Amino acid sequence: MKGYKVRIYPNKEQQLLMNKTFGCARFAYNWTLAKQFESYKNGNKFISEGELRKQFTQLKKDMNANGEEWLYEIPNNATKQAIKDCFKAYKNFFNGKAKKPKFKSKKHSKLSFYNDTYKIKVFDNKVQLEVIGTINLAEKSRIPKGKMYNPRISFDGLYYWLSINVEVDDNQINENKSEPIGVDLGIKTLMAYSNQMNFNRINTKKEIKKLKRLHRKASRHYIKMYKNKTTNKSRNLLKIEKSILKQHRRITNIRFNNIHQATTKLIKLNPSHIVIEDLEIFNLMKNKHLAEKFADCSFYEIRRQLKYKCEWNNINLVIADKWYPSSKICSNCGNKKDKLSLSERVYKCKCCNLEIERDFNASINLKNLAI
Ligand SMILES: [Zn+2]
């Protein structure tokens with residue numbers, strides 16, 4: 056099963072209908088949750104999914120009779136699935152398997168809805184959705200043919216997306232594996248591989264400068280609003296805010312694309328194992344200045360990409376124990392240093408006189424974990 060997320064280009068009319076559907080899905084979710092809480096308060100067990108759906112259908116009819124037909128204007132499966140999702144979340148909470156589900160807020164919840172698997176049709180460059188119609192896809196032939204699961208439409212404040220899981224027949228996996236590779240994550244060198252390949256962090260200084268300029272522009276508007284005692288945002292400010300969102304997206308895209316290139320190159324080497332550090336290590340470093348630098352290095356994205364790419368290619372991803380001192384051990388003789396400051400870029404071993412680049416040394420130690 057492979058997951059795909061592709062940008063879609065709905066027209067104005069379709070956008071309107073989709074925005075409506077997001078609202079209806081949220082409404083159905085919150086309605087379900089309120090029903091469950093009410094039932095619990097009255098000392099009853101949770102309400103079954105079938106009963107919920109029956110009650111919701113009745114609600115729709117009642118509302119329609121009162122001239123409120125909006126729940127009939129959108130794809131039926133969007134609300135049906137929202138009830139299902141909420142039921143599942145509540146049941147897991149009820150059985151002690153998950154946290155108490157929360158109401159979806161208009162401002163902060165993710166805008167998304169489900170499209171029925173049998174009613175969605177994916178073509179090379181188009182997707183056909185229930186009620187909403189045919190929409191162009193941003194990437195041609197990105198989604199392969201195969202059985203589809205859990206298609207969802209979402210909006211992130213800027214763009215509309217289609218997410219879908221597809222069951223693909225994968226007999227192309229190369230089982231002819233090469234030796235394990237250790238990957239050391241760092242600030243300067245983003246990824247150092249034990250086969251001596253390096254990937255530097257991409258430079259986004261220019262883009263960040265532009266972002267800061269936009270923030271300054273916006274703050275001048277906020278100050279003006281404060282002075283004029285108004286909460287109404289001017290058209291200009293709304294435009295700036297949208298540019299800020301876009302600029303954030305641009306920076307993330309640049310960074311993530313860089314990581315995609317690095318992880319794909321690594322996967323193509325087809326090692327039996329890939330070993331990386333536990334990311335908790337970075338939380339253990341309390342240095343504030345460093346923490347900032349770590350945050351934008353996108354370590355979590357690296358791990359996320361490696362996780363699914365390894366899975367797709369039948370490579371074992373090994374996460375080292377968070378206490379494993381990959382930087383402090385000599386990769387040649389195994390001697391361990393008590394202290395190693397961050398400024399020491401070259402590892403010098405007192406026992407065997409090895410002098411080796413710090414990140415490279417750590418990556419070999421990680422690789423040795425797999426061996
Ligand atoms: Zn040594």
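Numbering follows this note's numbering, with no gaps: position 46 of the sequence shown is 101. Note that the Cβ used here is the ideal one computed from N, Cα and C, for glycine as well. As the structure is a computational prediction, the values presented were derived from the model and not from experiment.
**Prompt:** When the Cα of Pro156 is compared with those of Lys165, Gln251, Ser164 and Ala144, which residue comes out closest?
**Reply:** Shortest Cα-Cα distance from Pro156 to any of Lys165, Gln251, Ser164 and Ala144 involves Ala144.
**Message:** Would you say the beta carbon of Asn390 is closer than 7 Å to some non-hydrogen atom of ligand 1?
**Reply:** Checking the 7 Å criterion, the Cβ of Asn390 is within range of a heavy atom belonging to ligand 1.
**Prompt:** Per DSSP, which one or two residues make a beta bridge with Ser233?
**Reply:** According to DSSP, which records beta bridges pairwise, Ser233 is partnered with Pro326.
**Coarse secondary structure for Ala80, derived from DSSP in three states** = The DSSP-derived three-state label of Ala80 is helix.
**Selection from Lys161, Cys141, Ala375 and His276 that minimises the alpha carbon distance to Lys154** = With distances taken between CA atoms, Lys154 lies nearest to Cys141 out of Lys161, Cys141, Ala375 and His276.
**Asked** What are the start and end residues of the beta strand (DSSP E) that includes Thr244?
**Response** Thr244 to Tyr248 is the span of the beta strand (DSSP E), which, as asked, contains Thr244.
**Message:** For a test of your reading of the model: does the CB of Cys365 fall under 7 Å from any non-hydrogen atom of ligand 1? Yes or no.
**Reply:** No, the beta carbon of Cys365 sits no closer than 7 Å to any heavy atom of ligand 1.
**Prompt:** What are the start and end residues of the alpha helix (DSSP H) that includes Arg164?
**Reply:** Strictly speaking, residue 164 in this sequence is Ser, with Arg absent from that position. It is not in any alpha helix (DSSP H) - Ser164 carries neither H nor E in the DSSP assignment.
**Prompt:** Identify the residues that DSSP records as bridge partners of Glu412: which are they?
**Reply:** Note: Glu412 sits in a beta bridge opposite Val401.
**Prompt:** By how many angstroms is the C-alpha of Gln110 removed from the C-alpha of Gly122?
**Reply:** One C-alpha to the other measures close to 19 Å.
**Message:** With the cut-off set at 8 Å, would you say Arg310 and Ala193 are in Cβ contact?
**Reply:** Not in contact: Arg310 and Ala193 (Cβ atoms no closer than 8 Å).
**Request:** Report the option in Asp414, Cys79 and Phe354 whose CA atom is closest to the CA atom of Thr244.
**Result:** Distance check between Thr244 and each of Asp414, Cys79 and Phe354 places Asp414 closest, using alpha-carbon atoms only.
**Prompt:** In this structure, does DSSP put Trp216 in helix, strand or coil?
**Reply:** It is a strand residue.
**Message:** Helix, strand or coil for Ser396? Go by DSSP, reduced to three states.
**Reply:** Reduced to three states, the DSSP call for Ser396 is coil.
**Request:** Return helix, strand or coil for Gly58, following the three-state DSSP convention.
**Result:** Reduced to three states, the DSSP call for Gly58 is strand.
**Message:** Does the stretch 362-380 come into contact with the stretch 325-336, if we say contact requires no fewer than three beta-carbon pairs (one atom in each stretch) closer than 8 Å?
**Reply:** In short, these stretches touch, since the Cβ pair count reaches three.
**Asked** Taking DSSP as the reference, what is the three-state secondary structure of Tyr204?
**Response** Tyr204 falls in the strand class under three-state DSSP.
**Message:** With distance defined between alpha-carbon atoms, name the residue in Asn253, Gly201 and Ser94 nearest to Ile242.
**Reply:** Of all alpha-carbon atoms in Asn253, Gly201 and Ser94, the one lying nearest the alpha-carbon of Ile242 is that of Asn253.
**Item:** Run of the alpha helix (DSSP H) containing Gln183, from where it starts to where it stops
**Value:** Annotation for Gln183: no alpha helix (DSSP H) segment contains it, though the beta strand (DSSP E) segment containing it runs Lys181 to Leu184.
**Asked** What do you reckon, are the CB atoms on Gly201 and Val221 nearer than 8 Å?
**Response** For the pair Gly201 and Val221, the CB atoms are nearer than the 8 Å cut-off.
**Request:** Confirm, please, whether the CB-CB distance from Phe210 to Phe77 is below 8 Å.
**Result:** The answer is yes: Cβ separation under 8 Å.
**Request:** Note down, in chain order, each residue of its chain lying with its Cβ closer than 6 Å to the Cβ of His276, except the 5 sequence neighbours on either side.
**Result:** Here the set comprises Leu292.
**Message:** For a test of your reading of the model: does the CB of Asn387 fall under 7 Å from any non-hydrogen atom of ligand 1? Yes or no.
**Reply:** Correct: Asn387 has its Cβ closer than 7 Å to ligand 1.
**Prompt:** Cα separation between Asp393 and Ile208?
**Reply:** Counting only the Cα atoms, Ile208 lies some 52 Å from Asp393.
**Prompt:** Cα-Cα, which of Thr319, Asn420, Glu366 and Lys267 is closest to Asn390?
**Reply:** It is Asn420.
**Asked** Is it buried or exposed for Val182, if we count other Cβ within 10 angstroms and need 16 for buried?
**Response** Val182 sits buried, since 16 or more C-beta atoms from the chains shown fall within 10 Å of its C-beta.
**Asked** Is there contact between the stretch 129-140 and the stretch 82-96, where contact requires at least three CB pairs shorter than 8 Å?
**Response** At 8 Å Cβ cutoff, the stretches touch.
**Prompt:** Hey, how far is the Cα of Lys261 from the Cα of Lys267?
**Reply:** Cα to Cα, Lys261 sits roughly 10 Å from Lys267.
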